[in-house]
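Heads up: the protein sequence lines correspond to chains A and B, in order.
Residue numbering for the first sequence is 0 to 218, as defined by numbering that gives the first Met the number 0.
Residue numbering for the second sequence is 0 to 279, as defined by numbering that gives the first Met the number 0.
Glycine included, every Cβ here is placed at the ideal spot set by N, Cα and C.
What follows is a single structure, written as structure tokens, with notes after it.
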Amino acid sequence: MLVQISFATLAQDVDTVKVKHSFMPTGVRVGTDLISLVRSPYDKTFNGWEVNGDVDFYRYYLAMDYGYWARSYISDSSTYANSGRYWRLGVDVNFLKNDPDRNMFFFGFRYGASTFSEDLSVIKYDPIWGPLSGNYSNVNVKAHWLELTTGLRVRMWKMIWLGYTARLKFGLSTSKTPDMLPHDVPGYGRADESSYWWFNYQIFIRLPVRKSNSALPKK
Amino acid sequence: MKKSIWFILFAVIAVSCLNDPDCYQLDNSEIIVNFNVLGFAADPDTLLDVRTSGTDSIFYQNTIGSSFKLPLNPNTKEQTYIFRWKNGSIDTLFLGYSAQVQFVSADCGERYVFGKLFLPLQSSFDSIRIFNQTPTQPASANIVVYRCANPDRAGVKFKKGTTKADSALAVSFVTTDFGTQLNYSDSLSSFFLPLNKQANTTTFEFTLAGGVIENLRLSYSRVKSASPIKDCDSVTTFSKIKIASTSFDTTATKIINTASSGAVSTSTKDPAIINLEIFL
Numbered sequence: 000m001l002v003q004i005s006f007a008t009l010a011q012d013v014d015t016v017k018v019k020h021s022f023m024p025t026g027v028r029v030g031t032d033l034i035s036l037v038r039s040p041y042d043k044t045f046n047g048w049e050v051n052g053d054v055d056f057y058r059y060y061l062a063m064d065y066g067y068w069a070r071s072y073i074s075d076s077s078t079y080a081n082s083g084r085y086w087r088l089g090v091d092v093n094f095l096k097n098d099p100d101r102n103m104f105f106f107g108f109r110y111g112a113s114t115f116s117e118d119l120s121v122i123k124y125d126p127i128w129g130p131l132s133g134n135y136s137n138v139n140v141k142a143h144w145l146e147l148t149t150g151l152r153v154r155m156w157k158m159i160w161l162g163y164t165a166r167l168k169f170g171l172s173t174s175k176t177p178d179m180l181p182h183d184v185p186g187y188g189r190a191d192e193s194s195y196w197w198f199n200y201q202i203f204i205r206l207p208v209r210k211s212n213s214a215l216p217k218k
Numbered sequence: 000m001k002k003s004i005w006f007i008l009f010a011v012i013a014v015s016c017l018n019d020p021d022c023y024q025l026d027n028s029e030i031i032v033n034f035n036v037l038g039f040a041a042d043p044d045t046l047l048d049v050r051t052s053g054t055d056s057i058f059y060q061n062t063i064g065s066s067f068k069l070p071l072n073p074n075t076k077e078q079t080y081i082f083r084w085k086n087g088s089i090d091t092l093f094l095g096y097s098a099q100v101q102f103v104s105a106d107c108g109e110r111y112v113f114g115k116l117f118l119p120l121q122s123s124f125d126s127i128r129i130f131n132q133t134p135t136q137p138a139s140a141n142i143v144v145y146r147c148a149n150p151d152r153a154g155v156k157f158k159k160g161t162t163k164a165d166s167a168l169a170v171s172f173v174t175t176d177f178g179t180q181l182n183y184s185d186s187l188s189s190f191f192l193p194l195n196k197q198a199n200t201t202t203f204e205f206t207l208a209g210g211v212i213e214n215l216r217l218s219y220s221r222v223k224s225a226s227p228i229k230d231c232d233s234v235t236t237f238s239k240i241k242i243a244s245t246s247f248d249t250t251a252t253k254i255i256n257t258a259s260s261g262a263v264s265t266s267t268k269d270p271a272i273i274n275l276e277i278f279l
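Written out as structure tokens, the structure is:
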């Protein structure tokens, strides 16, 4: 479906003249995740932000993300809170090679890492064991994982790009936590899921640093 | 505008795909202990009860079975289980494990995750091993207990002479002439009576609920042989069991032959089987 939509919205008539492509970067794109920004003021269980950036090397983009998120939940028998920072580093490959607006339909991968802390308080009564109460903390837990990514970047107006990134996260590994298993890893999500879908809806500003040597078709 | 619609559509689809956890069966807080006779199959025996540290709860009162599901305590990382059997013996199982709490969701609350089962101390069983270190949900076999075969009990069933139906006796206790006493709390028609390995006869004294005492004397042949299991002692098998004398008002007695299994039940087995029927 992604392929169909991407080509339906972005398809261009491209010239088939063979040109020599330059792998020198032509610009830096810096953006942020709009879902986190919009969600933080309204969702009492979430507070976070994420900064995204990429640099082009012809059709290959070095992509970096840095973010923070904190969650807090209250259940009938417990309260939970966590907070932490995370980063991701990886490469996206643009399959719209000669788009004059530098639009992207891409696939890529990321390596993600997070450092976070979390607290849990439990007050409950078990019919066999009686009171099960306790305060549990995991401090400075290290976590890392991998992601497969796909998405779009579309030039909306002059230097402004909008895009989304769908992420299939997997291979989560955390440092040892003897008394409490992590619930939520900032940047990854629920720690009890072996794989996890996530979605960023992003806005970017592209800062050109040089003109491309590659011949892009005119609009 | 057209591009914006696509982006909004994707955002809606993505948010709807974020899954919530299922609150059903979150804990893996139960283990299953299976009992077997070494070299034989499952070992169905009658439990008086199972007690464990950290709770006043009593499990499996007067229960016949060879497989028992037991709870793990999230407050500790070691647990002692005491099995009291109907035949008077008591077994103790010492179990260690890891216990971790994990928050699941605002709807589900927290769960306890158990794992790394181990045996920190020598248990009283002849042989015990961890079959699966991680408790599962739903519970499956984690610990297998073996005991050496000890075919030293003769099974006696009382029946009504007229209707051939089972005849339950309200027996308080049974004593043997070699110093063993078996206590009973219910009326039973079947009794599994220990035979004397040092003599060719054993006399049983049945003390009934009203204080009436009846006697039963069984005679038999004995064969002592080395156990095929190297960790077990020698095995004494009793055969040609018959009633030598009795004070019960019997109309007939019958030696059972289980021809369907190819085994003649005048010999004792482990787990014990019915060897004699006494018609009152």
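Contact with chain A by B:Q136, beta-carbon distance below 7 Å: no
Test item: CB-CB of B:A169 and B:S186 under 7 Å: Going by C-beta atoms, B:A169 is nearer than 7 Å to B:S186.
For A:Y85, three-class secondary structure by DSSP: strand
The region 97–110 of chain B: positions lying closer than 8 Å to chain C by Cβ: Going by chain labels, chain C is absent from the structure shown, which instead holds the protein chains A and B.
Neighbour-count burial assignment, A:W160, 16 or more Cβ in a 10 Å radius: buried
Exposed unless 16 or more other CB atoms sit within 10 angstroms - verdict on B:N195: buried
Pairwise C-alpha distance: B:V173 and B:A258: Note on B:A258: pLDDT 45, under 50, position unreliable in the model; no value is reported.
Where A:R209 falls, given that 16 or more other Cβ within 10 Å makes a residue buried: exposed
Proximal residues to B:N74 (C-beta, below 7 Å), its chain only, five neighbours per side dropped: G53
Nonlocal neighbours in the same chain, by C-beta distance under 7 Å from B:A243, ignoring five residues either side: T200, R216, L217 and S218
Pairwise C-alpha distance: B:V144 and B:L279: Rounded to the nearest angstrom, the two C-alpha atoms are 39 Å apart.
Beta carbon proximity, B:S56 to chain A, threshold 7 Å: For B:S56, at least one C-beta of chain A is nearer than 7 Å to its own C-beta.
Cutoff 7 Å: B:N74 Cβ touching any chain A Cβ: It does: the Cβ of B:N74 has a partner Cβ on chain A nearer than 7 Å.
Minimum Cβ-Cβ distance from B:V112 to chain A less than 7 Å: yes
Whether B:S122 touches B:F82 by CB criterion (7 Å): The beta carbons of B:S122 and B:F82 sit no closer together than 7 Å.
A:L61 beta carbon less than 7 Å from that of A:M54: The sequence shown places Val at residue 54 of chain A, rather than the Met named in the question. Yes.
Outcome for B:V103 when other beta-carbon atoms lying within 10 angstroms are tallied against a minimum of 16: By the neighbour-count rule (16 or more Cβ atoms within 10 Å), B:V103 is buried.
Chain-order list of residues whose beta-carbon lies under 8 Å from that of A:S194 (same chain, five-residue window excluded): L167, K168 and F169
Cα-Cα separation between B:P70 and A:Y135, rounded to whole angstroms: Those two C-alpha atoms are separated by around 22 Å.
Counted within 10 angstroms of its Cβ, other Cβ atoms place B:S171 as buried (16 or more) or exposed: exposed
Cβ-Cβ separation, A:F115 to A:S82 (assumed contact under 8 Å), whole Å: 6 Å
A:W128 at chain B interface by Cβ criterion, 7 Å: yes
Close-in-space but distant-in-sequence residues of the same chain around A:G26 (CB under 7 Å, 5 per side omitted): D55, R205, L206, P207 and V208
7 Å Cβ cut-off: residues of chain B touching A:H20: Simply none; closest approach about 27 Å.
Helix, strand or coil at B:I228 according to DSSP, with G and I counted as helix: DSSP places B:I228 in the coil class of the three-state scheme, outside both helix and strand.
Exposure label - B:F205; buried when at least 16 CB within 10 Å: Its Cβ being crowded by 16 or more others within 10 Å, B:F205 is buried.
Classification of B:L120 by the beta-carbon crowding that lies within 10 angstroms, buried from 16 upward: exposed
Neighbouring residues, chain B, relative to A:I73 (Cβ below 7 Å): A105
A:Y41 (DSSP reduced to helix, strand or coil): helix
Local conformation of B:I272 per DSSP, three classes: coil
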